[in-house]
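Reviewing the structure listed below.
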Amino acid sequence: MDMKFIDGYPEYMRQSIKKVEATREKRISLDMEPMSAEEREEVLSTYHPDYVKGGKRSLKVGASKGEMVHHETANILEARPQVNPDEIDLGCINRDVDILIIGGGGAGTVAALHAVYEGILPEDILITTKLRHGDANSMMAQGGIQAADGLDDDPSIHFLDAIGGGHFANKPDLVKALVMDAPRIIDWHQRLGVMYEREDDGHFVERPGGGTSRPRLHSAKDYTGMEIMRVIRDEARNLGLEVEEFSPAVELLTDGDTVTGAILMDLETREYSIIRAKSVILTTGGFGRLHIQGYPTTNHYGATADGLVLAYHVGARITDMDSAQYHPTGAAYPEPILGQLITEKVRGMGAMPVNIDGEAFVYPLEPRDVESASFIRECKTRGKGIETPTGMLGVWLDSPMIEEIHGPGTIKKELIAMWRMEHQFGIDMSQDPILVYPTLHYQNGGVEIDVDGWTGVPGLYAGGEVAGGVHGKNRLMGNSLLDYNVFGRRSGISAARHAKKASPGKITFDHVIRFNSLLDEAGIDTERRSPMLLPDYRGERAIARALNISI
Amino acid sequence: MGKNKISVYIMGKEHRVPEGLTIMKALEYAGYRLIRGCGCRAGFCGACATIYRKKGDYKLYTALACQTTAENGMYLTQLPFIPANKSEYDLEKIRAGPNTILSIYPEVARCVACNTCTKACPQDIQVMDYIQAVKRGDITRAADLSFNCLQCGLCTARCPAEIKQYHVAQLARRLHGRYLAIKSEPLSKRISELEEGCFENEIDEMIELKPEDLRKRYFEREIKVSE
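If you read the sequences in order, they're chains Y and E.
The first sequence begins at 2 in my numbering and counts up one residue at a time.
The second sequence begins at 7 in my numbering and counts up one residue at a time.
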C-alpha cells in the first residue's frame with residue numbers, strides 16, 4: 002500500500018502533529034516542576050532499560066569477578082583473547098616509545114598534547130587508533146561542555162549536580178577533579194582557538210542541560226565535539242605527533258605485572274606490529290556498538306569497548322559497568338537516521354517532549370536516565386507514543402517551540418547539524434516537531450582509575466569513556482567532553498612522569514596465558530574472541546537493527 | 007523501509023538492495039564490511055565521502071554516504087582518503103594579520119573562482135566565498151563561513167587550483183578563536199579564584215557529608231536555569 006507523505010511525514014502522523022501545534026502556545030508558558038527523589042526512583046526502577054530483568058549477569062572471571070554487567074559486556078570480557086601466544090614471536094620489536102596511546106579520539110589526543118607539555122618529545126609518543134585520527138564519539142558530541150565559569154555558578158554547584166545526577170555512585174575525588182579542572186580546560190581551548198559561542202562582550206553563551214542547576218554548557222553551534230576535536234587534532238599535527246591509523250591494539254604486553262607495550266594489527270593487511278612502551282594509556286572510548294539490549298546507538302562505528310577488554314586481561318578492575326546511558330532523544334523517524342543523536346541542546350533551548358495528543362508529560366530537563374525512562378513509560382504503558390511506518394514508537398520533541406521562544410531562524414543558526422540531518426531526509430524541524438525515542442549513548446562506567454588516570458596496574462593509564470567512576474550511574478550532558486579533556490590531560494601527565502623514571506620492560510604474553518587459564522578454571526567454554534574491533538552489519542543486518550528493537 | 011529493491015553499482019558492479027537505505031547501509035547490505043570510508047555514521051566526521059553518477063547522466067555528484075539515501079541507478083565510489091598537504095605552524099608564533107593565511111597557504115592565490123568546491127561540498131558550505139574572504143584577509147568571515155566543515159576533503163579533490171580548502175579553513179578558525187574573539191572575563195576571574203584555592207573547602211565538605219545529607223542538599227538545591 003502506498004503511503005501519502007506530507008513534508009516528510011506520512012499523512013496519519015500529521016493528525017498528531019496538528020494536536021501538538023494546537024497546544025504549543027499554552028505549553029510555552031507552562032511552568033513544569035522536576036520530579037522528586039521518590040518519583041525519579043519509581044520511574045527509573047520500572048521503566049529504565051538497565052532495570053529490565055534478565056539483561057545482566059555476574060562476571061565469572063577476572064579482577065571484578067562477581068560484578069553485574071550487561072550480557073553484551075560479559076560476552077566480550079569472558080571471551081578468549083584475540084591473540085594466540087604460541088603463534089606470535091615477541092623477539093622482534095617494531096618500535097620502542099616512551100608513551101603508547103591506544104585510541105585516537107579526544108582523550109588520546111589530549112593525553113598526547115599534555116605529555117608533550119610535560120616534556121616528552123613528540124617522536125617518543127605513538128598514538129595508535131583503529132580508524133582515523135579523530136574517528137571517535139568525541140567528534141559527534143553536539144550540545145556542549147560543562148564548566149562552572151559563569152557569574153552565578155561555581156565548581157561546588159557543578160559538583161553537586163554531577164554527583165546527584167550520577168545517583169551518588171560517582172567517585173567523589175574524580176568528580177572534584179572534573180569540576181575543578183573545567184574552567185582551566187576551557188581556557189586551554191580558548192588559547193588553542195576553539196570557537197565557542199560568545200556574547201558581544203566575549204562572555205561565553207551558557208545553556209542549561211538535563212540535571213544542571215545552572216546554565217553552564219559552552220557550545221559551538223551543535224558541532225561542539227567536532228570543533229574541539231578538529232582543533233586538538235590540528236594542534237597534534239602541528240607538533241608532529243605520529244598517529245598509526247587503522248591499527249587497533251589487539252592485546253597489551255606485560256612483564257607479567259607491569260604493562261610494557263601492546264601488539265597492534267593493521268586492519269587492512271592483518272599484519273601485527275609489536276610496540277614496546279614505558280607507559281601505556283588507554284583512550285579507546287565506550288561500548289555503544291555492542292548494542293546493549295538490542296538498542297540502536299548514537300555511537301561511532303568503532304565503539305566496541307576494546308580498551309575495556311585489554312585492561313581486563315591485565316588485571317585492571319572495572320566499575321559501574323552495570324549502567325548504560327540511553328539518550329532520551331535518539332531519532333525514531335525516519336528510518337535512515339534511526340538511533341542517531343538529537344542533541345540535548347534542543348531541549349536546553351526550549352523544545353518540549355510531547356505525546357500523541359499534544360500533551361507535555363515530563364519536565365524537559367530531567368537527568369537523561371529519568372527523561373528516557375519517562376519516554377518509555379509514555380509509549381509502553383500509557384500508550385501515548387506515535388508509531389512509525391516500520392513499527393517503532395516515539396514521542397514528539399516540539400522543536401518549533403525554539404523558534405517561538407528565541408525567534409525565527411534560531412534553529413538554522415544554532416542547531417544547524419540537527420537541521421541538516423532532518424532536512425536531508427525531508428523534515429524541517431523549524432516547522433514540524435521531530436520524533437524521538439531513547440537510544441544507547443554512553444558507557445557510564447569503565448576501567449577504574451584514580452585522579453591521576455592510573456588504573457592500578459603498573460604502567461597502565463586510562464582516560465575518557467573507557468574509564469569509569471567519574472559519572473556514577475548516569476552522566477550529565479556536557480560532562481563527557483569535559484571528562485575526556487580532564488582525564489586525558491591527567492593521564493597524559495601521569496604517563497609522562499612515569500615514562501621519565503621507567504626503563505623499557507620485558508615483553509611477554511604471561512597475562513594472556515593467565516587469563517586463558519582463568520577462563521578454563523571458571524569452566525567458560527567459548528569460541529568468542531575479543532576485542533571485537535568492528536561490528537558486522539553485512540547483509541540483512543544492515544537493516545535488522547532498525548526493525549528488531551523491542552519496546 | 008520499502009520492500010522494493012533498487013540497483014546500485016558499487017565501483018561498477020551491480021547490486022540489488024532494498025529501497026530507502028542510506029548509501030552506507032546499501033554498501034553493507036551488498037556484503038561489504040567497511041573499514042575505510044566509514045566513521046561516525048551520523049554526518050559528523052567526513053569519513054564517508056562519496057562520488058557518484060546517476061544512470062544516463064554525465065555529471066559527477068558528491069555526498070556523504072551516511073547522510074544520503076541510495077537511489078536506483080547510482081554508480082558509487084567511496085573516497086576514503088584525500089592526500090592533501092597540511093602546513094604545520096605554531097599558533098603562538100603567528101598573528102592574525104591580513105596575509106597570515108596566504109603566507110602559510112600561498113596556493114590560495116591560485117583560486118580561479120570556478121565555484122567547483124562549493125558545488126562539491128556535502129555540507130552546502132560557500133567554500134569559494136570563504137576562500138575569497140581569505141584572499142581579502144577577512145579571517146573572521148572565513149572562519150564563520152567554514153564553520154560547518156567536516157573536513158571530508160571533497161572540495162580539495164575537485165579543486166582545479168589544488169587548494170586545500172579544508173586545511174585553510176581550519177587555520178582561519180583557529181586564528182579567529184585565538185586572536186580575534188574577545189576573551190571571556192568571567193573565565194579569567196574564575197581561574198584566578200581557582201589558583202587562590204577557592205571552592206576546595208566547599209567540595210571537601212560535601213565529600214565528608216553523610217550520604218543522606220548529601221542527597222538532601224542535592225534535592226533541595228536551587229535550580230536557576232531560565233535565561
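Glycine included, every Cβ here is placed at the ideal spot set by N, Cα and C.
query                                                                                                                                                               : result
What separation, rounded to the nearest whole angstrom, lies between the Cα atoms of D511(Y) and G257(Y)?                                                           : 5 Å
Give a yes or no on whether 7 Å exceeds the smallest Cβ distance from R179(E) to chain Y.                                                                           : yes
Return the residues of the segment 13-41 of chain E that lie within a Cβ-Cβ distance of less than 9 Å from chain Y, sorted by chain order.                          : V23, P24, G26, L27, T28, M30, K31, A32, L33, E34, Y35, A36, G37, Y38, R39, L40, I41
Measuring only the C-alpha atoms, how far is P467(Y) from R231(Y)?                                                                                                  : Inspection of the sequence shows that residue 467(Y) is occupied by Val rather than by Pro. Taking the straight line from one Cα to the other gives about 21 Å.
If we cut at 7 Å on Cβ distances, does K61(E) have a partner in chain Y?                                                                                            : no
Quick check on the burial criterion: 16 or more other C-beta atoms within 10 angstroms. Buried or exposed for F376(Y)?                                              : buried
Applying the 10 Å Cβ sphere with the 16-neighbour rule, what's the burial state of H72(Y)?                                                                          : exposed
Indicate the three-state DSSP secondary structure (helix, strand or coil) for M30(E) in the structure shown.                                                        : helix
I103(Y): which of L193(Y), R208(Y), I126(Y), H204(Y) sits nearest, CA to CA?                                                                                        : I126(Y)
Taking the CB atoms as reference points, tell me whether T330(Y) and V437(Y) lie closer together than 7 Å.                                                          : yes
If you reduce the DSSP assignment to three classes, tell me which class D99(Y) lands in.                                                                            : strand
Taking the straight line between their C-alpha atoms, what separation do you get for L548(Y) and M393(Y)?                                                           : For L548(Y), the predicted model reports a pLDDT of 41, less than 50, meaning its position is unreliable; a value from the coordinates is still stated below. C-alpha separation (whole angstroms): 8 Å.
Assign K19(Y) to buried or exposed, taking buried as 16 or more other Cβ atoms, counted over all protein chains shown, within 10 Å of its Cβ.                       : exposed
Would you be able to state if there are at least three C-beta pairs under 8 Å between the segment 131-139 of chain E and the segment 7-23 of chain E?               : no
Within this structure, are the beta carbons of G349(Y) and R234(Y) separated by less than 7 Å?                                                                      : no
DSSP state of R198(E), grouped into three classes?                                                                                                                  : Here residue 198(E) turns out to be Ser, not Arg, going by the sequence shown. Of the three classes helix, strand and coil, the one that applies to S198(E) here is helix, per DSSP.
Let me check one thing: in DSSP terms, what residues is H219(Y) bridge-paired to?                                                                                   : I146(Y), E207(Y)
Can you have a look at L132(Y) and say buried or exposed, based on whether 16 or more other CB atoms are within 10 angstroms of its CB?                             : buried
Does the beta-carbon of L161(Y) have 16 or more other beta-carbons within 10 angstroms, so that it is buried, or is it exposed?                                     : buried
Can you confirm whether R369(Y), when its beta carbon is compared against all beta carbons of chain E, has any partner nearer than 7 Å?                             : no
Using beta carbons (cut-off 7 Å, strictly below), is Q132(E) in contact with chain Y?                                                                               : no
Counting only the same chain and skipping the five closest in sequence on each side, list residues whose C-beta sits under 8 Å from that of L193(Y).                : V232, I233, E236
Compare the Cα-Cα distances from R1(E) to each of R47(E), I29(E), E34(E) and report the closest residue.                                                            : Outside the displayed span of chain E (7 to 233) sits residue 1(E), for which this structure offers no information.
Rounded to the nearest angstrom, what separates M430(Y) and P86(E) at their Cα positions?                                                                           : 31 Å
On the premise that R539(Y) lies in contact with G37(E), defined as a C-beta separation below 8 Å, what is that separation, rounded to the nearest angstrom?        : 5 Å
Can you check the segment 317-367 of chain Y for any beta strand (DSSP E) of at least 3 residues that lies completely inside it and give the ranges in chain order? : 325-332
How far does the alpha helix (DSSP H) with T162(E) in it extend, from its first residue to its last?                                                                : 160-164
Suppose the cutoff is 6 Å on Cβ atoms and the five residues either side in sequence are ignored; what does the same chain contact list for G351(Y) look like?       : M402, I403, I406
Where does M4(Y) land, buried or exposed, given buried means 16+ other C-beta within 10 angstroms?                                                                  : exposed
First and last residue of the alpha helix (DSSP H) that includes G214(E)?                                                                                           : Rather than Gly, the amino acid found at residue 214(E) in this sequence is Glu. Its alpha helix (DSSP H) spans residues 206-214.
Please report the straight-line C-alpha distance between E228(Y) and R199(Y), rounded to a whole angstrom.                                                          : 15 Å
Which of helix, strand or coil does DSSP assign to P505(Y)?                                                                                                         : coil
Using a Cβ cut-off of 8 Å, which residues of the segment 43-76 of chain E contact any Cβ in chain Y, in chain order?                                                : C44, G45, C46, R47, A48, G49, F50, C51, A53, Q73, T74, T75
For chain Y, is any of its Cβ atoms less than 7 Å away from the one on Y224(E)?                                                                                     : yes
Does I128(Y) get closer than 7 Å to chain E when you measure Cβ to Cβ?                                                                                              : no
So P156(Y) and A183(Y) are supposed to be a Cβ contact under 8 Å. How far apart are they, rounded?                                                                  : 7 Å
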